[in-house]
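Colleague:
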Amino acid sequence: MQGSRQFKDFDEYLVPVEKFATLKLASELPLAVATDCDQYLHDRLELLEAQLATVNRMAAANDLPDAIITTASGLKITPLDAAVPDAAQAMIDQTAMLLPHLKITELLMEVDEWTGFTRHFTHLKTSDTAKDKTLLLTTILADAINLGLTKMAESCPGTTYAKLSWLQAWHIRDETYSTALAELVNAQFRQPFAGNWGDGTTSSSDGQNFRTGSKAESTGHINPKYGSSPGRTFYTHISDQYAPFHTKVVNVGVRDSTYVLDGLLYHESDLRIEEHYTDTAGFTDHVFALMHLLGFRFAPRIRDLGDTKLYIPKGDAAYDALKPMIGGTLNIKHVRAHWDEILRLATSIKQGTVTASLMLRKLGSYPRQNGLAVALRELGRIERTLFILDWLQSVELRRRVHAGLNKGEARNALARAVFFNRLGEIRDRSFEQQRYRASGLNLVTAAVVLWNTVYLERAAHALRGNGHAVDDALLQYLSPLGWEHINLTGDYLWRSSAKIGAGKFRPLRPLQPA
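Numbering (the UniProt record's numbering), first residue to last: 1 to 514.
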């Protein structure tokens with residue numbers, strides 16, 4: 001194991017000390033916060049004390065919106081009413097009936113006509129684009145629907161395993177998948193209709209478990225959360241506009257929070273994410289700290305929030321109404337002692353010297369007394385406490401997080417439908433092949449989202465043109481994740497006659513009388 005990237009000495013992963021010192025002196029650290037320790041702590045603790053006083057006052061007066069804190073039963077929050085208005089449901093049904101029926105092959109060809117995403121799959125040596133676009137799309141689809149090259153060659157007239165295998169060897173790589181995905185995410189970002197769902201500044205991430213079967217069983221891990229079968233997790237980030245902008249294959253046994261920052265920092269799209277949502281598995285205090293240092297507002301939906309303790313600054317202030325939730329006082333001296341190490345770690349992650357996930361795994365595996373790990377935890381406790389105080393005051397924040405996570409869960413349903421072959425199990429032994437499966441699946445899901453967005457806009461326009469009332473305020477309830485109109489099975493034919501000309505669109509299905 002000596003010399004392995006994962007097992008190098010912690011310090012070797014980081015920006016060299018001299019380079020860090022130069023950047024700090026020149027005020028050029030790529031961080032989103034004041035880099036002077038006293039200034040930073042003064043600002044955050046002042047804000048924390050003000051927020052604690054406010055929420056304590058509101059809790060004592062029973063003024064927290066849809067929430068109450070009592071000594072007897074702790075925190076109780078009223079669940080959100082997430083019902084879809086009847087008028088919105090009617091519009092969802094009407095637009096769905098207008099979307100044209102098509103094969104997944106036709107959808108991919110049409111989306112490629114719009115975006116040219118296939119041009120990113122360049123030859124490893126010559127950097128040329130693939131000469132046979134149909135062969136390339138067939139190879140991508142074989143990954144996405146979990147069919148594999150052998151079976152795909154049988155389902156695709158005129159194609160052989162040898163041809164597909166050659167194309168995969170020379171044109172399919174992690175980086176070609178990544179740049180092609182960015183092309184589709186950027187196209188979605190530019191769709192005016194996608195603005196009904198968000199402005200592209202918020203996102204959520206979630207892990208989706210796929211069982212490992214056959215040869216891959218030995219590479220799978222077991223996580224009680226997903227049952228007793230071994231599996232792999234595809235950890236995916238999705239924007240508020242439904243674009244799945246990053247995916248990573250991870251071990252089921254590793255906590256989701258390890259990978260949250262990777263997707264936010266290392267995607268290649270034009271999205272500028274400011275606020276990010278996860279479920280309970282997506283947060284730790286280390287993640288809270290690094291998110292803030294790197295300029296992201298972190299908002300996890302924490303299960304059993306009442307058991308997640310608040311940490312208060314040392315001092316005489318008493319917050320009696322919050323007593324059931326207070327877990328202790330902050331140990332700021334650790335932060336002061338390791339301030340430069342914290343900044344150096346965050347700088348290294350931001351610059352890509354090392355991935356966030358690798359460093360979070362290392363920090364999480366250290367014994368409790370590791371100075372940097374403890375200091376970062378204390379910093380995270382400040383941010384976590386501030387976040388919980390916000391959550392208690394703002395129903396709007398709870399709604400945003402809930403809506404963001406629902407988009408991710410709905411995307412998982414589409415991904416499960418696309419990845420249907422081999423019982424939805426991963427059967428590739430090599431990690432590289434498993435990554436291609438995840439990337440192909442994510443790329444095709446992104447293509448479906450873009451195609452649906454374009455045609456939902458046309459459907460809404462058609463309803464208006466035919467005298468139906470279309471309330472702009474209800475368009476947010478439409479979702480580009482439907483697949484009932486898309487044929488995912490059968491022979492995978494790429495008919496050139498099925499091509500839609502540039503600037504042209506498929507006719508919508510006929511409108512039912514109002």
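For glycine and all other residues, C-beta sits at the position ideal for the given N, C-alpha and C.
Less than 7 angstroms separating the beta-carbons of residue 143 and residue 437?
Modeller: yes
Colleague: Any chance the stretch 360-367 sits against the stretch 23-35, with 3 or more Cβ pairs inside 8 angstroms?
Modeller: no
Colleague: Quick check: the Cα distance between residue 19 and residue 343, rounded to an integer number of angstroms?
Modeller: 13 angstroms
Colleague: If you run the structure through DSSP and keep just helix, strand and coil, what is residue 275?
Modeller: strand
Colleague: Could you check how far apart the C-beta atoms of residue 278 and residue 260 are, in whole angstroms? I think they sit under 8 angstroms.
Modeller: 6 angstroms
Colleague: Going by other Cβ atoms of all chains shown within 10 Å of its Cβ, with 16 needed for buried, is residue 239 buried or exposed?
Modeller: buried
Colleague: Are the CB atoms of residue 481 and residue 414 within a distance shorter than 7 angstroms?
Modeller: yes
Colleague: Give the list of continuous alpha helix (DSSP H) stretches no shorter than 4 residues that lie fully inside the stretch 244-301.
Modeller: 260-266, 285-293
Colleague: What does a CB cutoff of less than 6 angstroms around residue 58 pick up in its chain, not counting 5 residues either side in sequence?
Modeller: The beta carbon of residue 58 is closer than 6 angstroms to those of 64 in its chain, skipping five residues each way along the sequence.
Colleague: Determine whether the beta carbon atoms of residue 515 and residue 32 lie at a separation below 7 angstroms.
Modeller: Residue 515 cannot be examined here, being either before or after the span of the chain that is shown, 1 to 514.
Colleague: Measure how close the beta-carbons of residue 200 and residue 189 come, nearest whole angstrom, since I'm counting them as under 8 angstroms.
Modeller: 5 angstroms
Colleague: What is the C-beta distance between residue 478 and residue 456, in whole angstroms, given that I count them as a contact (C-beta under 8 angstroms)?
Modeller: Between residue 456 and residue 478 the Cβ distance is about 5 angstroms, and since that is below 8 angstroms, they are a contact.
Colleague: At the level of alpha carbons, what is the spacing between residue 113 and residue 123?
Modeller: 20 angstroms
Colleague: Check whether the Cβ atoms of residue 205 and residue 263 sit closer than 7 angstroms, and answer yes or no.
Modeller: yes
Colleague: On the premise that residue 232 lies in contact with residue 249, defined as a C-beta separation below 8 angstroms, what is that separation, rounded to the nearest angstrom?
Modeller: 6 angstroms
Colleague: Rounded to the nearest angstrom, what separates residue 276 and residue 327 at their Cα positions?
Modeller: 25 angstroms
Colleague: Kindly indicate the opening and closing residues of the beta strand (DSSP E) around residue 36.
Modeller: Counting along the chain, residue 36 falls outside any beta strand (DSSP E), and DSSP gives it neither H nor E.
Colleague: What's the gap between the Cα of residue 426 and the Cα of residue 211?
Modeller: 6 angstroms
Colleague: Within its chain, find whatever has a CB closer than 8 angstroms to the CB of residue 340; leave out the 5 residues flanking it on each side and keep chain order.
Modeller: Taken in chain order, the residues that qualify are 20, 24.
Colleague: Quick test of your reading: residue 181 and residue 466, contact by CB under 8 angstroms. State the CB separation rounded to the nearest angstrom.
Modeller: Not a contact, Cβ separation roughly 36 angstroms.
Colleague: My understanding is that residue 460 touches residue 475, with C-beta atoms under 8 angstroms, so please give their C-beta distance in whole angstroms.
Modeller: 7 angstroms
Colleague: Could you say if the stretch 399-419 and the stretch 311-321 meet the contact criterion of at least three C-beta pairs nearer than 8 angstroms?
Modeller: no
Colleague: Let me confirm a value: residue 103 is counted as buried when at least 16 other C-beta atoms fall within 10 Å, else exposed. Which label applies?
Modeller: buried
Colleague: What are the start and end residues of each continuous beta strand (DSSP E) run of 3 or more residues lying completely inside the stretch 110-162, in chain order?
Modeller: none
Colleague: Please report the distance separating the alpha-carbon of residue 494 from that of residue 241.
Modeller: Going by C-alpha positions, residue 494 is about 29 angstroms away from residue 241.
Colleague: Can you tell me whether residue 118 is buried or exposed, with buried defined as 16 or more other CB within 10 angstroms of its CB?
Modeller: buried
Colleague: For residue 321, count neighbouring C-beta atoms within 10 Å of its own C-beta (all shown protein chains included) and say buried if the count is 16 or more, exposed if not.
Modeller: A buried status is given to residue 321, since no fewer than 16 other beta-carbon atoms sit within 10 Å of its beta-carbon.
Colleague: Enumerate in chain order the residues of its own chain whose CB-to-CB distance from residue 432 is below 8 angstroms, with the five nearest sequence positions on each side excluded.
Modeller: none
Colleague: Please classify residue 38: is it buried, with 16 or more other beta-carbons within 10 angstroms of its beta-carbon, or exposed?
Modeller: A residue is called buried once 16 or more other Cβ atoms fall within 10 Å of its Cβ, and residue 38, having fewer, is exposed.
Colleague: Which term fits residue 44, buried or exposed, when burial requires 16 or more other beta carbons within 10 angstroms of its beta carbon?
Modeller: Per the 10 Å Cβ criterion, buried.
Colleague: State buried or exposed for residue 267, treating a residue as buried only when at least 16 other CB atoms are found within 10 Å of its CB.
Modeller: buried
Colleague: Going by the beta-carbon positions, is the gap between residue 421 and residue 146 smaller than 7 angstroms?
Modeller: Yes, the Cβ-Cβ distance between residue 421 and residue 146 is below 7 angstroms.
Colleague: Just to confirm the assignment: which complete alpha helix (DSSP H) runs, minimum length 4, are found wholly within the stretch 24-65?
Modeller: 37-60
Colleague: Can you give me the C-alpha to C-alpha distance between residue 382 and residue 235, rounded to a whole angstrom?
Modeller: 27 angstroms
Colleague: State the Cα-Cα distance for the pair residue 337 and residue 78, rounded to the nearest angstrom.
Modeller: 42 angstroms
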